[in-house]
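Visitor:
Numbering (the working numbering), first residue to last: 100 to 614.
#1: When DSSP labels each residue in this structure, what does residue 120 get in the three-state scheme?
#2: Tell me, which residues are paired with residue 416 by DSSP?
#3: Just how far apart, CA to CA, sit residue 183 and residue 192?
#4: What do you get for residue 235, buried or exposed, if any count of 16 or more other CB atoms within 10 angstroms of its CB means buried?
#5: Of the residues 444, 326, 487 and 140, which one's Cα is nearest the Cα of residue 231?
#6: From residue 264 to residue 600, what distance separates their C-alpha atoms?
#7: Can you tell me whether residue 453 is buried or exposed, with buried defined as 16 or more other CB within 10 angstroms of its CB?
#8: Nearest to residue 393 by CA position, among 407, 445 and 408, is which residue?
#9: Could you tell me which of 570, 578 and 607 sits nearest to residue 593, measuring between CA atoms?
#10: Could you spell out where the alpha helix (DSSP H) holding residue 202 opens and where it closes?
#11: From what residue to what residue does the beta strand (DSSP E) around residue 464 run?
#12: Using a 10 Å radius around the Cβ and a threshold of 16 neighbouring Cβ atoms, would you call residue 390 buried or exposed?
#13: With 16 other CB atoms within 10 Å as the buried threshold, where does residue 450 fall?
#14: Grab me the residues of residue 216's own chain with a C-beta within less than 7 angstroms of its C-beta, minus the 5 sequence neighbours each way, in chain order.
#15: Excluding the 5 residues preceding and the 5 following residue 405 in the sequence, name in chain order all residues of the same chain whose CB lies nearer than 6 angstroms to its CB.
#16: Measuring CB atoms only, is the stretch 356-369 touching the stretch 291-301, in the sense that at least three cross pairs come out at less than 8 angstroms?
#17: Does DSSP put residue 497 in a helix, in a strand, or in coil?
#18: Assign residue 360 to buried or exposed, taking buried as 16 or more other Cβ atoms, counted over all protein chains shown, within 10 Å of its Cβ.
#19: In whole angstroms, what separates the C-alpha of residue 206 from that of residue 147?
#20: Excluding the five sequence neighbours on either side, which residues of its own chain have a C-beta within less than 7 angstroms of the C-beta of residue 509, listed in chain order?
#21: Can you give the Cα-Cα distance for residue 516 and residue 502, rounded to whole angstroms?
#22: Have a look at residue 542 and residue 522 and give me their C-alpha separation to the nearest angstrom.
#23: Does DSSP put residue 579 in a helix, in a strand, or in coil?
#24: So if DSSP puts residue 584 in a beta bridge, which residue, or which two residues, is it bridged to?
#25: Return the residue from the list 279, 384 and 326 that minimises the CA-CA distance to residue 482.
#26: For residue 560, count neighbouring Cβ atoms within 10 angstroms of its own Cβ and tell me buried if that reaches 16, exposed if not.
#27: Assign residue 181 to one of two classes, buried (16 or more other C-beta atoms within 10 Å of its C-beta) or exposed (fewer than that).
#28: In chain order, what residues of the same chain lie with their CB nearer than 7 angstroms to the CB of residue 178, ignoring the 5 residues before and after it?
#29: Have a look at 342, 329, 573 and 334 and flag the residue whose alpha-carbon is nearest the alpha-carbon of residue 251.
#30: Near residue 336, which residues of its chain fall below 7 angstroms by C-beta distance, leaving aside the five closest residues on each side in sequence?
#31: Between the alpha carbons of residue 169 and residue 485, how many angstroms are there, rounded?
#32: Looking at the structure shown, is residue 431 part of a helix, part of a strand, or coil, going by DSSP?
#33: Which same chain residues, not among the five before or five after residue 589, have their C-beta less than 6 angstroms away from its C-beta?
#34: Sort 137, 188 and 531 by Cα distance to residue 606 and report the nearest one.
#35: Could you tell me the alpha carbon to alpha carbon distance between residue 581 and residue 313, rounded to whole angstroms?
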């Protein structure tokens with residue numbers, strides 16, 4: 100694990116508070132807040148969760164977005180750069196600099212808590228706090244490596260650039276740093292997760308859904324192991340999260356669908372802390388709720404009806420017609436090309452109400468029971484256990500759709516019989532470009548999982564990770580006047596699949612991603 104230039108990582112040397120690195124370095128260590136009690140350490144860990152989100156950036160880069168023409172408004176230059184797979188230079192609360200810095204700030208907080216616990220000789224009454232800190236550190240690194248590096252694979256990850264893994268508080272102005280490899284980054288994340296899991300507890304949280312409670316920790320572990328291709332471990336972790344009967348934790352989508360399409364009623368219900376499906380919630384400073392939501396801005400580049408009807412939330416599937424889905428997206432406005440799944444709200448928080456100054460934020464469901472079930476189904480399919488994958492998919496469809504006569508064979512037949520995607524004849528089935536082989540049944544079951552996840556997690560950024568993991572070719576399309584044109588193509592080995600590091604970070608000397 101590498102030590103890192105703390106000025107570059109913005110606040111990594113924090114002990115007990117988050118401030119600018121210059122102020123931190125100017126402050127004598129003995130005058131900083133002393134983390135000398137369990138209560139202080141536990142309170143500190145509230146700040147070990149990043150207040151930045153990859154949702155907007157990931158959704159723009161993925162195949163969930165088309166270009167609808169210049170007659171519609173772009174939200175800002177950041178939206179344009181993200182959609183066009185350009186290096187992001189525009190200021191935004193959602194840009195690469197904010198994602199990088201806020202996640203490393205959270206990592207710095209976790210490291211401060213771990214150091215304080217170690218100084219107290221690792222007392223047993225701080226085991227849960229130690230587990231939470233390790234899990235937070237692993238999570239932020241996991242988000243960053245999936246944003247700024249290529250997807251993990253067995254062929255190139257030993258040489259693909261990873262991200263710096265920070266496991267200590269920086270106390271020097273300049274220290275050696277490098278990015279290591281994706282494989283090294285994943286190994287470090289795994290070490291933190293596996294040390295954390297036996298320690299994590301639900302015992303001391305007053306707001307457990309905003310912390311790595313036991314279910315959230317195992318849901319994260321399941322996703323990590325899936326991406327790391329350790330399928331038995333992914334299944335075991337998902338089992339721990341979901342319990343003996345996954346149906347008990349699944350969301351009541353029919354009840355959510357019947358709520359008002361108000362800008363806040365459905366989103367508030369979706370992120371309700373008492374919702375059993377929500378394993379982990381996080382608050383982020385983000386304008387994504389405005390850009391993708393039921394507002395006029397951002398319609399130039401959006402999730403439109405063409406994508407919805409042919410490949411995603413309005414498409415047919417083993418459930419037949421989309422009207423048989425228990426939760427459906429809506430066309431916000433015929434004059435604004437946006438299909439909206441009412442899950443992510445935009446909440447304006449005033450810092451100066453007189454001058455109407457403040458910021459937009461949203462609460463996001465980071466890990467849920469429904470997605471963890473799909474994680475387990477995918478792991479089963481990838482290890483060749485298509486029967487158990489089908490059982491999980493039937494559980495998912497039984498909860499998410501009205502149709503009740505779906506079977507393993509009907510799932511396999513549906514994806515076998517539809518054509519592979521072409522940009523002008525789109526289907527939900529995109530060809531995989533991967534470094535391992537699959538049987539026909541495995542591939543078709545995985546298409547089912549990916550299709551379901553795309554629908555389930557629309558607007559939530561996970562589709563981009565699936566595009567990367569399976570090497571799908573995607574396009575920048577202009578969809579206008581019933582015609583489809585291609586502006587650009589992202590091939591399997593295109594370096595733009597890894598977002599470029601922020602220019603501020605490159606200026607500090609860290610190696611850039613190839614272009």
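Glycine is no exception: its CB is placed at the ideal position from the N, C-alpha and C atoms. All figures in this text were calculated on a predicted structure; none of them were measured in a lab.
Guide: The structure says:
#1: As a working note, residue 120 is residue 21 in the chain shown. No answer about residue 120 holds up, because its pLDDT of 34 lies below 50 and its placement is not dependable.
#2: Your numbering for residue 416 matches position 317 in the chain shown. Beta-bridge pairing links residue 416 to 419.
#3: Position 84 of the chain shown, counting from 1, holds the residue named residue 183. Position 93 of the chain shown, counting from 1, holds the residue named residue 192. So the alpha carbons of these two residues sit roughly 19 angstroms apart.
#4: Locating residue 235 in the chain shown gives position 136, where the first residue counts as 1. Label assigned to residue 235: buried.
#5: Here residue 231 is taken as the residue at index 132 of the chain shown, counted from 1. Minimum Cα distance to residue 231 is reached at 140.
#6: Residue numbering aside, residue 264 sits at position 165 when the chain shown is read from its first letter. Residue numbering aside, residue 600 sits at position 501 when the chain shown is read from its first letter. Whole-angstrom Cα-Cα distance: 15 angstroms.
#7: Counted from its first residue, the chain shown places residue 453 at position 354. That one is exposed.
#8: Mapped onto the chain shown, residue 393 falls at position 294. Residue 393 has its Cα closest to that of 445, out of 407, 445 and 408.
#9: Position 494 of the chain shown holds residue 593. When each option's Cα is compared against that of residue 593, the closest is 570.
#10: The residue you call residue 202 lines up with position 103 of the chain shown. It spans 195-218 - the alpha helix (DSSP H) in which residue 202 sits, taken as one unbroken run.
#11: Locating residue 464 in the chain shown gives position 365, counting from the first residue. Start and end: 456-467.
#12: Sequence index remark: in the chain shown, residue 390 carries index 291 (1-based). Classification of residue 390: buried, given that the 10 Å Cβ count is 16 or more.
#13: Taking the first residue of the chain shown as position 1, residue 450 is located at position 351. Answer is exposed; the Cβ neighbour count stays below 16.
#14: Looking up residue 216 in the chain shown gives position 117. Excluding positions up to five away in sequence, the list reads 140, 225, 228 and 229.
#15: Here residue 405 corresponds to residue number 306 of the chain shown, with the count starting at 1. By the criterion of a C-beta distance shorter than 6 angstroms, residue 405 is surrounded in its chain by 578, once the five residues flanking it on both sides are discounted.
#16: no
#17: The residue labelled residue 497 in the question sits at position 398 within the chain shown. Three-state DSSP puts residue 497 in a helix.
#18: As a position in the chain shown, residue 360 is number 261, starting the count at 1. Exposed, by the Cβ-count rule.
#19: Position 107 of the chain shown, counted from the first residue, corresponds to residue 206. Position 48 of the chain shown, counted from the first residue, corresponds to residue 147. Cα to Cα, residue 206 sits roughly 6 angstroms from residue 147.
#20: Position 410 of the chain shown holds residue 509. Taken in chain order, the residues that qualify are 417.
#21: Mapped onto the chain shown, residue 516 falls at position 417. Mapped onto the chain shown, residue 502 falls at position 403. Each residue's alpha carbon lies about 20 angstroms from the other.
#22: Taking the chain shown and counting its residues from 1, one reaches residue 542 at position 443. Taking the chain shown and counting its residues from 1, one reaches residue 522 at position 423. If you take the alpha carbons of residue 542 and residue 522, they lie about 21 angstroms apart.
#23: Translated into positions along the chain shown, residue 579 becomes position 480. Residue state, collapsed to three classes: strand.
#24: Translated into positions along the chain shown, residue 584 becomes position 485. 577, per the DSSP bridge assignment.
#25: Residue mapping note: residue 482 aligns to position 383 of the chain shown, counting from 1. The candidate whose alpha carbon is nearest that of residue 482 is 326.
#26: For the purposes of this step, residue 560 is taken as the residue at position 461 of the chain shown. It is buried - the Cβ of residue 560 has at least 16 other Cβ atoms within 10 Å.
#27: For the purposes of this step, residue 181 is taken as residue 82 along the chain shown, with counting starting at 1. Counting Cβ neighbours within 10 Å, residue 181 comes out buried, since at least 16 surround it.
#28: Taking the chain shown and counting its residues from 1, the one referred to as residue 178 is at position 79. Around residue 178: 159, 390, 397 and 400.
#29: Sequence index remark: in the chain shown, residue 251 carries index 152 (1-based). For the residues 342, 329, 573 and 334, the minimum Cα distance to residue 251 belongs to 329.
#30: By one-based count along the chain shown, residue 336 stands at place 237. 317, 320, 321 and 324, listed in sequence order.
#31: Within the chain shown, the letter at position 70 stands for residue 169. Within the chain shown, the letter at position 386 stands for residue 485. Answer to the nearest angstrom: the Cα atoms are 46 angstroms apart.
#32: For this step, residue 431 is matched to residue 332 along the chain shown. In this structure, residue 431 counts as strand in the three-state DSSP scheme.
#33: For this step, residue 589 is matched to residue 490 along the chain shown. So the list reads 573, once near-sequence residues are dropped.
#34: Counting from 1 along the chain shown, the entry for residue 606 is found at position 507. Per the Cα distances, 188.
#35: For the purposes of this step, residue 581 is taken as the residue at position 482 of the chain shown. For the purposes of this step, residue 313 is taken as the residue at position 214 of the chain shown. Residue 581 and residue 313: Cα-Cα distance of roughly 49 angstroms.
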